[in-house]
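Residue numbers (our numbering), protein chains in the order written: chain A, 382 to 495; chain B, 80 to 194.
Where is the CB? At the ideal position from N, CA and C, for every residue including glycine.
Quick notes on the structure that follows.
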Amino acid sequence: DARVTQTPRHKVTEMGQEVTMRCQPILGHNTVFWYRQTMMQGLELLAYFRNRAPLDDSGMPKDRFSAEMPDATLATLKIQPSEPRDSAVYFCASGPSDRVNEQFFGPGTRLTVL
Amino acid sequence: AQSVAQPEDQVNVAEGNPLTVKCTYSVSGNPYLFWYVQYPNRGLQFLLKYITGDNLVKGSYGFEAEFNKSQTSFHLKKPSALVSDSALYFCAVRPITGGGNKLTFGTGTQLKVEL
Numbered sequence: 382d383a384r385v386t387q388t389p390r391h392k393v394t395e396m397g398q399e400v401t402m403r404c405q406p407i408l409g410h411n412t413v414f415w416y417r418q419t420m421m422q423g424l425e426l427l428a429y430f431r432n433r434a435p436l437d438d439s440g441m442p443k444d445r446f447s448a449e450m451p452d453a454t455l456a457t458l459k460i461q462p463s464e465p466r467d468s469a470v471y472f473c474a475s476g477p478s479d480r481v482n483e484q485f486f487g488p489g490t491r492l493t494v495l
Numbered sequence: 080a081q082s083v084a085q086p087e088d089q090v091n092v093a094e095g096n097p098l099t100v101k102c103t104y105s106v107s108g109n110p111y112l113f114w115y116v117q118y119p120n121r122g123l124q125f126l127l128k129y130i131t132g133d134n135l136v137k138g139s140y141g142f143e144a145e146f147n148k149s150q151t152s153f154h155l156k157k158p159s160a161l162v163s164d165s166a167l168y169f170c171a172v173r174p175i176t177g178g179g180n181k182l183t184f185g186t187g188t189q190l191k192v193e194l
């Protein structure tokens with residue numbers, strides 16, 4: 382049963398520290414999405430990639446956030462420096478480009494910045 | 080810009096009764112519409128989508144949704160609710176043309192099915 386995997390599942394860090402979240406999309410999926418979920422803002426799209434190229438990162442604070450796909454099996458989301466307001470659950474999702482928006486979500490990384 | 084409204088934060092229904100979770104949308108042109116479900120401490124899970132064709136779409140776990148263009152609605156329904164259906168439900172929209180693969184999600188509706 383193919384699944385999107387995310388590591389770590391939980392991360393507690395102190396303000397100012399660098400945080401890196403990793404995602405392994407489902408093999409064969411060529412679109413990858415990063416979302417952030419908070420009680421206040423709901424579900425927000427941060428960035429998405431197709432064939433490893435970033436197509437839209439307009440939802441991402443550029444000064445501290447960066448998203449990359451070093452290869453087809455790995456997507457990363459980095460926050461440097463982290464701030465308490467970054468505390469949220471970060472989801473990665475992947476999908477095949479021939480099936481409109483049937484995105485498969487990972488279990489999420491719960492980030493707490495103290 | 081597109082938007083989705085889920086007017087109810089929570090819906091309570093008794094097991095065995097029909098359920099409806101409401102969704103209305105705003106988008107330029109024709110929409111693609113989606114429902115996702117989120118169980119506690121899990122990621123979202125795709126339920127169903129409307130692309131084109133029949134306005135009544137059937138999805139996973141006995142759920143269905145009806146696209147109503149004149150009312151710009153895409154309500155989620157199930158004839159007989161189960162306790163295991165209790166979860167957070169999200170409606171999402173994107174325009175058919177333009178906007179890429181970017182989905183706009185509603186704020187979610189918590190469904191609680193009680194015995």
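- Message: Rounded to the nearest angstrom, what separates Ser-163 of chain B and Asp-444 of chain A at their Cα positions?
- Response: The residue you call residue 163 of chain B lines up with position 84 of the second sequence. The residue you call residue 444 of chain A lines up with position 63 of the first sequence. Those two C-alpha atoms are separated by around 42 Å.
- Query: Leu-195 of chain B and Val-90 of chain B: beta carbons closer than 8 Å?
  - Reply: Residue coverage of chain B in this structure runs from 80 to 194, which leaves residue 195 of chain B outside it and unanswerable.
- Task: Would you verify that the beta carbon of Gln-124 of chain B is, or is not, closer than 8 Å to some beta carbon of chain A?
- Result: By one-based count along the second sequence, residue 124 of chain B stands at place 45. Yes, contact with chain A.
- Name the chain B residues that come within less than 9 Å of Leu-492 of chain A, Cβ to Cβ? Position 111 of the first sequence, counted from the first residue, corresponds to residue 492 of chain A. None at all; the shortest Cβ gap to chain B is about 14 Å.
- Message: So Phe-113 of chain B and Leu-424 of chain A are supposed to be a Cβ contact under 8 Å. How far apart are they, rounded?
- Response: Here residue 113 of chain B is taken as the residue at index 34 of the second sequence, counted from 1. Here residue 424 of chain A is taken as the residue at index 43 of the first sequence, counted from 1. Actually they are not in contact, since the Cβ atoms of Phe-113 of chain B and Leu-424 of chain A sit about 12 Å apart, beyond 8 Å.
- Message: Below 8 Å, how does it come out for the segment 148–164 of chain B and the segment 86–101 of chain B: are there three or more Cβ pairs, yes or no?
- Response: A contact exists between the segment 148–164 of chain B and the segment 86–101 of chain B.
- Query: Is any beta-carbon of chain B found at less than 8 Å from that of Asn-482 of chain A?
  - Reply: As a first step, residue 482 of chain A is located in the first sequence; it is residue number 101 there, counting from the start. Among the CB atoms of chain B, one or more fall inside 8 Å of the CB of Asn-482 of chain A.
- Message: Taking the straight line between their C-alpha atoms, what separation do you get for Val-494 of chain A and Val-116 of chain B?
- Response: As a first step, residue 494 of chain A must be located in the first sequence, where it is residue number 113. As a first step, residue 116 of chain B must be located in the second sequence, where it is residue number 37. Cα to Cα, Val-494 of chain A sits roughly 27 Å from Val-116 of chain B.
- Task: Would you mind reading off the limits of the beta strand (DSSP E) that contains Asp-88 of chain B?
- Result: Here residue 88 of chain B refers to the residue found at position 9 when the second sequence is read from its first residue. Taken as a continuous stretch (DSSP letters only), Asp-88 of chain B belongs to no beta strand (DSSP E), as it is neither H nor E.
- Simplified DSSP state of Asp-479 of chain A, which is helix, strand or coil: In the first sequence, residue 479 of chain A corresponds to position 98, counting from 1. Note: Asp-479 of chain A maps to coil in three-state DSSP.
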